[in-house]
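Structure first, commentary second.
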Amino acid sequence: MKRTLLSTFICLSGAALLTACGASDSSTHSSSNSTSPSQVTRGTIDGFGSVIVDGIHFESTNTEFDVNGRVGRQSDLHVGQVVTIIGTHDGVNGVALSIAYDVSVSGPVSAVDATAGTLVVLGQSVVTDSMTVFDSIDLATLTVGSAIEVSGLVDADGNIQASFVGVEDSANAELHGVISHLDASASTFFIGNQAVDYSSVSVLSLNVNDLIDGLSVEVEGYLVGGILAATKIKQEHHGYEHDADAKVTGLISSLDTAAGLFVLGTTQVSYSASTRYEHGTEADLALNGAVKVEGVVDAEGVIVASKIEFSAGVELEVEGSVEATDSAASTVTVMGVTALVDTRTRIRDDRDDVAMFNLNSIEAGDFVELRLTEESDGSYRVLRLERGDTTTEVKLNAPIESIDLAAGQVVLLGVTVDVSAISSVTLGLLQVGVQLEIKGSYDGSLFTATELEEDHQYDSHHEDEHDDSQEDEHDDSHEDGADELGSEIDD
Numbered sequence: 005m006k007r008t009l010l011s012t013f014i015c016l017s018g019a020a021l022l023t024a025c026g027a028s029d030s031s032t033h034s035s036s037n038s039t040s041p042s043q044v045t046r047g048t049i050d051g052f053g054s055v056i057v058d059g060i061h062f063e064s065t066n067t068e069f070d071v072n073g074r075v076g077r078q079s080d081l082h083v084g085q086v087v088t089i090i091g092t093h094d095g096v097n098g099v100a101l102s103i104a105y106d107v108s109v110s111g112p113v114s115a116v117d118a119t120a121g122t123l124v125v126l127g128q129s130v131v132t133d134s135m136t137v138f139d140s141i142d143l144a145t146l147t148v149g150s151a152i153e154v155s156g157l158v159d160a161d162g163n164i165q166a167s168f169v170g171v172e173d174s175a176n177a178e179l180h181g182v183i184s185h186l187d188a189s190a191s192t193f194f195i196g197n198q199a200v201d202y203s204s205v206s207v208l209s210l211n212v213n214d215l216i217d218g219l220s221v222e223v224e225g226y227l228v229g230g231i232l233a234a235t236k237i238k239q240e241h242h243g244y245e246h247d248a249d250a251k252v253t254g255l256i257s258s259l260d261t262a263a264g265l266f267v268l269g270t271t272q273v274s275y276s277a278s279t280r281y282e283h284g285t286e287a288d289l290a291l292n293g294a295v296k297v298e299g300v301v302d303a304e305g306v307i308v309a310s311k312i313e314f315s316a317g318v319e320l321e322v323e324g325s326v327e328a329t330d331s332a333a334s335t336v337t338v339m340g341v342t343a344l345v346d347t348r349t350r351i352r353d354d355r356d357d358v359a360m361f362n363l364n365s366i367e368a369g370d371f372v373e374l375r376l377t378e379e380s381d382g383s384y385r386v387l388r389l390e391r392g393d394t395t396t397e398v399k400l401n402a403p404i405e406s407i408d409l410a411a412g413q414v415v416l417l418g419v420t421v422d423v424s425a426i427s428s429v430t431l432g433l434l435q436v437g438v439q440l441e442i443k444g445s446y447d448g449s450l451f452t453a454t455e456l457e458e459d460h461q462y463d464s465h466h467e468d469e470h471d472d473s474q475e476d477e478h479d480d481s482h483e484d485g486a487d488e489l490g491s492e493i494d495d
């Protein structure tokens with residue numbers, strides 16, 4: 005039956021509880037201000053001047069802010085963080101009754117690979133990319149032991165795809181996820197690869213006997229010899245009000261095409277022949293696909309999707325000084341490349357930390373980093389814009405459009421690039437369509453390259469198939485860790 009919560013999807017079922025098997029997104033909160041029917045929006049903060057999420061400007065003058073389970077304020081929030089908003093909106097403007105933010109994970113880094121853009125925090129694999137916002141820190145300065153907080157979306161492999169990474173001031177650690185390998189006699193369990201000892205927990209929102217494998221929880225505590233000693237454990241209820249209008253962004257972590265069901269992090273979604281699609285079709289639904297879902301929550305807490313929009317991914321990069329902005333057309337031009345900046349653009353000021361930063365804050369000569377996607381009409385749209393400190397080094401990351409062997413030049417995004425000074429480059433071996441990352445200088449008409457390399461991070465040929473054998477291997481490693489956990493604590 006279509007509404008059956010499949011065992012491969014859901015560990016616990018019920019009318020108001022949706023918990024996906026695997027690592028959890030940060031929790032969904034309810035507010036005392038919420039009324040039924042309500043509108044729920046879950047997504048990434050793209051900017052301020054109100055709070056901008058999924059292209060909607062939410063007025064926040066009288067909003068209740070819940071930041072990591074405590075009363076907060078708008079200034080506690082940052083671009084890139086995933087939030088849940090309860091309020092009203094018309095798709096363009098809205099009023100937020102409550103805004104809730106919870107970290108996905110916070111604690112010390114135990115491993116970092118700056119080249120691959122990956123981290124491990126409290127046993128959770130964290131993946132960064134060109135859309136990740138780094139606040140007061142970057143991959144180059146991250147070291148083992150650095151205390152950070154991460155916000156993002158959980159994929160089908162249990163990795164946190166980070167949209168925000170910032171410095172964590174507290175010595176405490178926090179983790180959200182699903183209990184596995186519970187050992188009641190030893191008072192231990194795992195969340196992902198992180199061992200948790202709850203023998204000395206002081207705040208428990210449920211009876212200790214109710215702790216079971218598959219339960220979605222929030223754990224706070226501190227690390228002792230690599231084990232998270234829990235001081236607080238709270239059961240998480242990932243559900244929305246019956247009949248609420250929901251707009252949720254996420255990564256497809258489980259998919260059953262026969263039943264017309266998939267899961268975004270911890271939220272189950274049903275789709276049917278009446279569901280409308282944007283920028284794709286039903287056939288494009290796939291594990292780890294980034295989508296935005298609109299629909300109404302049914303009596304079982306499932307979002308019945310009326311619309312599914314496939315999110316655009318970064319394809320191109322431009323970094324340089326702004327030549328012009330056009331507030332009427334809502335565009336910015338850098339090195340002759342003009343691109344649209346709209347309410348979907350993740351926009352941030354890393355130079356002056358202007359809180360209400362927007363296109364009108366940008367002046368000619370400002371140095372900006374642009375992450376772009378190409379629209380179906382050939383125009384460019386900015387997915388992420390960040391203003392930084394001025395530098396003479398500029399960058400392009402785009403496919404080769406043409407090659408002039410005699411002049412020693414290539415053209416990317418309409419920009420002529422002189423690569424003749426790079427002795428390692430053999431133009432005859434380059435091909436039109438190959439994506440290059442090029443760094444150098446720009447004099448207003450000609451880009452002179454000092455560094456050049458092929459870049460395959462935006463290749464469209466991604467492996468979509470989920471490897472079940474890796475999951476089995478992952479589970480076996482937990483069994484081994486669970487067997488050894490008691491002795492590690494005793495030591």
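Just so we're aligned, residue 5 is where the sequence shown starts under the working numbering, counting upward by one. Backbone N, C-alpha and C define an ideal beta-carbon position, used for all residues, glycine too.
Item	Value
Thr-67, buried or exposed, once every other Cβ within 10 Å from all chains shown has been counted against 16	buried
Alpha-carbon spacing of Asp-346 relative to Val-99, whole angstroms	20 Å
Stretch pair the region 310-318 + the region 281-293: three plus CB contacts closer than 8 Å	yes
The region 46-54 touching the region 67-86, judged by at least three CB pairs closer than 8 Å	yes
Per-residue DSSP class, three states only, for Ile-49	strand
CB of Phe-168 within 8 Å of CB of Met-360, strictly	no
Cβ neighbours of Gln-413 in the same chain (closer than 8 Å, five flanking residues each side left out)	Ile-407, Thr-420, Val-421, Asp-422, Val-423 and Ser-424
Other residues of its chain near Gly-76: CB distance less than 6 Å, five sequence neighbours each side excluded	Phe-69
Asp-29 burial status per 10 Å Cβ neighbour count (16 or more: buried)	Only weak support is given to the placement of Asp-29: the predicted model assigns it a pLDDT of 45, under 50, and the question is left unresolved by the model.
Helix, strand or coil at Leu-259 [DSSP, three-state]	strand
The region 349-369 in contact with the region 383-390 per 3-pair CB rule at 8 Å	yes
Whole-number beta carbon distance between Ser-155 and Ser-206, since they are thought to touch under 8 Å	So it is not a contact: roughly 26 Å between Cβ atoms.
Sufficient close CB pairs (3 or more, under 8 Å) joining the region 271-279 to the region 294-307	yes
Bridge partner(s) assigned by DSSP for Ser-189	According to DSSP, which records beta bridges pairwise, Ser-189 is partnered with nothing at all.
Close-in-space but distant-in-sequence residues of the same chain around Gly-369 (CB under 6 Å, 5 per side omitted)	Ser-325
Rounded separation between Asp-187 and Glu-153 - CA only	28 Å
Three or more C-beta pairs below 8 Å linking the region 439-449 and the region 390-400	yes
Glu-323, DSSP secondary structure in three states	strand
Length of the line joining the Cα atoms of Ala-166 and Thr-122	10 Å
Contact set for Gly-73: own chain, Cβ-Cβ below 6 Å, skip 5 residues either direction	none
Cβ-Cβ separation, Arg-355 to Met-135 (assumed contact under 8 Å), whole Å	No, Met-135 and Arg-355 are not in contact; Cβ-Cβ is about 19 Å, not under 8 Å.
Check whether Gly-269 and Ser-257 have beta carbons under 8 Å apart	yes
Inter-residue Cα distance where the pair is Ala-104 and Ile-90	9 Å
From Ala-190, Asn-176 and Ala-199, residue whose alpha carbon lies closest to that of Gly-225	Asn-176
Buried versus exposed call for Ile-516 [16 or more other C-beta atoms within 10 Å across all chains shown]	Residue 516 lies beyond the residue range present for the chain, which begins at 5 and ends at 495; the question has no answer from this structure.
Cβ shell of Val-71 (< 6 Å), same chain only, five flanking positions each side left out	Asp-80 and Tyr-105
Leu-409 classed as buried or exposed, judged by whether at least 16 other C-beta atoms fall within 10 angstroms	exposed
Neighbourhood of His-460 by C-beta distance below 8 Å, restricted to the same chain and skipping five residues each side	Gln-439
Cβ-Cβ separation, Phe-194 to His-185 (assumed contact under 8 Å), whole Å	5 Å
Where the beta strand (DSSP E) containing His-61 begins and where it ends	60-63
Length-filtered (3 minimum) beta strand (DSSP E) runs lying within the region 111-197	122-125, 128-131, 137-139, 151-158, 164-171, 177-187 and 192-195
Bounding residues of the beta strand (DSSP E) (the contiguous stretch that carries Ala-343)	341-344
Range covered by the beta strand (DSSP E) that runs through Leu-232	231-239
Boundaries of the beta strand (DSSP E) in which Leu-376 is found, first to last residue	371-378
Option in Val-415, Thr-394, Leu-450 and Lys-251 with minimal Cα separation from Gln-43	Lys-251
Contact check, Gly-127 vs Gly-196, beta carbons under 8 Å	yes
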